[in-house]
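Asks:
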Amino acid sequence: MDRRRVALLLVVVGLLCLPAPYYLGWAAEATAPPAQSSQIYAAEPIDLANESDRERFVDRHGHAVALADYRITARYSDAYRAPNATLDALVTAMREGSASVDDADARADLREIDAAYEFVRDTDETTEPDGYYRVTVTDDGATVRAENVADRAVANAIAEQAPRYENLSAGERRTVDAVIENSTGDDLGYRPRVNDPYVDQLPTAIRKGDTLYSVYVHGHVDDFGPGFGGFVVGLGVASLGVVLLLAGGGLYAYDRWRGSSA
């Protein structure tokens, strides 16, 4: 075969190899099964009569029934009309038992908080005792009362609101069962796929039969996904493309030099 044709072939193949990291990464992503969640979940049976069980249960799932007071600040949320006035009213109520509210926007915020949450979690250093407060809003938001409660009250509220296994769909039950079944032994934890039913609800408390479970994050996996593997393979192919380009260019130059010296 003519050297120049061989050189042209090497150059063409080399050029096709250069973008390999992109198209091989895309192909790997497109043909791979759905990715797994980066979270590894486990399930623990909870006995609400046990103090340590209650503490873990509330630590993991307290956000389901309680609003942490720091989340009212503008730094963490733009959901409130008057975050400073609203937080001041809650802090005063937690410190003194009750507070009067004049600001109309703060009243509206407090009504929404009262409708969405049963408790507020105190993180303010100026209030004692720390912990959870049952918040009651009356007079159309003009008055807010706060009563410190033990973790038992919060745990009972979480358990009361916990989803019931029997109310889940068949697919959702399979996901929950997989977490529960993989929560014993040395290889603890289950890593579902991101599109598995009910994954978007985890972690959560859930009641199955007579047993109350705490489904929690047991670990985390940093996974770049199949696209990254294709990209790495593509780098090798692209490197081969560079070699082919150099070989093709060198062969073409050599052939021209031979032709001119003949």
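FYI, the numbering for the sequence shown is 0 to 261, going by numbering that gives the first Met the number 0. Glycine residues also receive a C-beta, built at the ideal position from the N, C-alpha and C atoms.
Could you pull out every residue in the same chain whose Cβ sits closer than 7 Å to the Cβ of Thr122, ignoring the five residues on either side in sequence?
Replies: Looking up residue 122 in the sequence shown gives position 123. Closer than 7 Å at the Cβ level, and outside the excluded window around Thr122, lie Ala67, Asp68, Tyr69.
Asks: Hey, would you say Pro82 sits closer than 7 Å to Ala237, going by beta carbons?
Replies: The sequence position of residue 82 within the sequence shown is 83, counting from 1. The sequence position of residue 237 within the sequence shown is 238, counting from 1. Cβ distance not < 7 Å, so Pro82 and Ala237 don't count as in contact.
Asks: Just the C-alpha distance for Arg173 and Ile205, rounded to the nearest angstrom, thanks.
Replies: Your numbering for residue 173 matches position 174 in the sequence shown. Your numbering for residue 205 matches position 206 in the sequence shown. Whole-angstrom Cα-Cα distance: 14 Å.
Asks: Considering only the alpha carbon of each residue, which of Asp104, Gly13, Val64 lies closest to Tyr79?
Replies: Position 80 of the sequence shown, counted from the start, is the residue given in the question as residue 79. For Tyr79, the nearest C-alpha among the options comes from Asp104.
Asks: Around the C-beta of Asn262, are 16 or more other C-beta atoms found within 10 angstroms, so that it is buried, or is it exposed?
Replies: The question about residue 262 has no answer here: the residues shown for the chain are numbered 0 through 261.
Asks: Please name the residue or residues paired with Ala65 in a DSSP beta bridge.
Replies: One-based indexing of the sequence shown puts residue 65 at position 66. In DSSP, Ala65 forms a bridge with Phe118.
Asks: What does the Cβ neighbour count give for Gly218, buried or exposed, with the cut at 16 atoms within 10 Å?
Replies: In the sequence shown, counting from the first residue as 1, residue 218 sits at position 219. Label assigned to Gly218: exposed.
Asks: CB Glu117 to CB Ala156, shorter than 7 Å?
Replies: As a working mapping, residue 117 is identified with position 118 in the sequence shown. As a working mapping, residue 156 is identified with position 157 in the sequence shown. Contact flag set, yes.
Asks: Quick check: Leu211 and Ile45, are their CB atoms within less than 7 Å of each other?
Replies: Taking the sequence shown and counting its residues from 1, the one referred to as residue 211 is at position 212. Taking the sequence shown and counting its residues from 1, the one referred to as residue 45 is at position 46. Taking 7 Å as the Cβ cut-off, Leu211 and Ile45 qualify as a contacting pair.
Asks: Excluding the five sequence neighbours on either side, which residues of its own chain have a C-beta within less than 6 Å of the C-beta of His60, listed in chain order?
Replies: What you label residue 60 is simply residue 61 of the sequence shown in a count that begins at 1. Result list for His60: Ile157, Ala204, in chain order.
Asks: Go to Ala161, then tell me how far its alpha helix (DSSP H) extends in each direction, as first and last residue.
Replies: Residue numbering aside, residue 161 sits at position 162 when the sequence shown is read from its first letter. Per DSSP, Ala161 belongs to no alpha helix (DSSP H) and is neither H nor E.
Asks: Which two residues bound the contiguous beta strand (DSSP E) that contains Arg173?
Replies: Taking the sequence shown and counting its residues from 1, the one referred to as residue 173 is at position 174. No beta strand (DSSP E) contains Arg173, which is instead part of the alpha helix (DSSP H) from 169-180.
Asks: Tyr131 to Met93, Cα distance in whole Å?
Replies: Here residue 131 refers to the residue found at position 132 when the sequence shown is read from its first residue. Here residue 93 refers to the residue found at position 94 when the sequence shown is read from its first residue. Approximately 9 Å between the Cα atoms of the pair.
Asks: Where does the unbroken beta strand (DSSP E) through Leu15 begin, and where does it stop?
Replies: Looking up residue 15 in the sequence shown gives position 16. Counting along the chain, Leu15 falls outside any beta strand (DSSP E), though it belongs to the alpha helix (DSSP H) covering 2-16.
Asks: Closest by CA to Ala34, which one among Gly240, Leu109, Phe227, Pro18?
Replies: Here residue 34 is taken as the residue at index 35 of the sequence shown, counted from 1. Here the closest residue by C-alpha is Phe227.
Asks: If you measure between the beta carbons of Arg163 and Gly140, is that distance less than 7 Å?
Replies: Position 164 of the sequence shown, counted from the start, is the residue given in the question as residue 163. Position 141 of the sequence shown, counted from the start, is the residue given in the question as residue 140. Not closer than 7 Å, so no.
Asks: Could you tell me which residues DSSP puts in a beta bridge with Ile39?
Replies: Against the sequence shown, residue 39 aligns to sequence position 40. Note: Ile39 sits in a beta bridge opposite Gly218.
Asks: Out of Arg151, Asp150, Ala114, point me to the one whose CA is closest to Val134's CA.
Replies: Start at 1 with the first residue of the sequence shown, and residue 134 comes out as number 135. Answer by Cα proximity: Ala114.
Asks: Does DSSP put Thr210 in a helix, a strand or coil?
Replies: As a first step, residue 210 must be located in the sequence shown, where it is residue number 211. DSSP places Thr210 in strand when its eight states are reduced to three.
Asks: So, at 6 Å on beta carbons, what are the nonlocal neighbours of Gly184 in its own chain, with the 5 sequence-adjacent residues on each side left out?
Replies: As a working mapping, residue 184 is identified with position 185 in the sequence shown. Here the set comprises nothing.
Asks: Closest by CA to Trp25, which one among Arg255, Phe230, Ala145?
Replies: For the purposes of this step, residue 25 is taken as the residue at position 26 of the sequence shown. Minimum Cα distance to Trp25 is reached at Phe230.
Asks: If you count every other CB in all the chains shown that lies within 10 Å of the CB of Ser36, and 16 or more means buried, which is it?
Replies: Position 37 of the sequence shown, counting from 1, holds the residue named residue 36. Buried, because 16 or more other Cβ atoms sit within 10 Å of the Cβ of Ser36.
Asks: Using CA atoms only, rank isn't needed, just tell me which of Glu146, Ala154, Arg2 is closest to Val64.
Replies: Residue numbering aside, residue 64 sits at position 65 when the sequence shown is read from its first letter. It is Ala154.
Asks: Given a cut-off of 7 Å, decide if Pro196 and Val214 are closer than it, judged by their beta-carbon atoms.
Replies: Against the sequence shown, residue 214 aligns to sequence position 215. Against the sequence shown, residue 196 aligns to sequence position 197. Their beta carbons are not under 7 Å apart, which means Val214 does not touch Pro196 by this criterion.
Asks: From Ala42 to Lys207, what does the alpha carbon distance come to, in whole angstroms?
Replies: Translated into the one-based positions of the sequence shown, residue 42 becomes position 43. Translated into the one-based positions of the sequence shown, residue 207 becomes position 208. Cα to Cα, Ala42 sits roughly 11 Å from Lys207.
Asks: In three-state terms, what does DSSP make of Tyr75?
Replies: Indexing the sequence shown from 1 puts residue 75 at position 76. Tyr75: coil per DSSP, three-state reduction.
Asks: Taking 7 Å as the cut-off, decide whether the C-beta atoms of Leu9 and Gly247 are in contact.
Replies: Here residue 9 refers to the residue found at position 10 when the sequence shown is read from its first residue. Here residue 247 refers to the residue found at position 248 when the sequence shown is read from its first residue. It is a contact, given that the beta carbons lie within the stated cut-off.
Asks: Run through DSSP, which three-state label would Ala204 get?
Replies: Taking the first residue of the sequence shown as position 1, residue 204 is located at position 205. Ala204 falls in the strand class under three-state DSSP.
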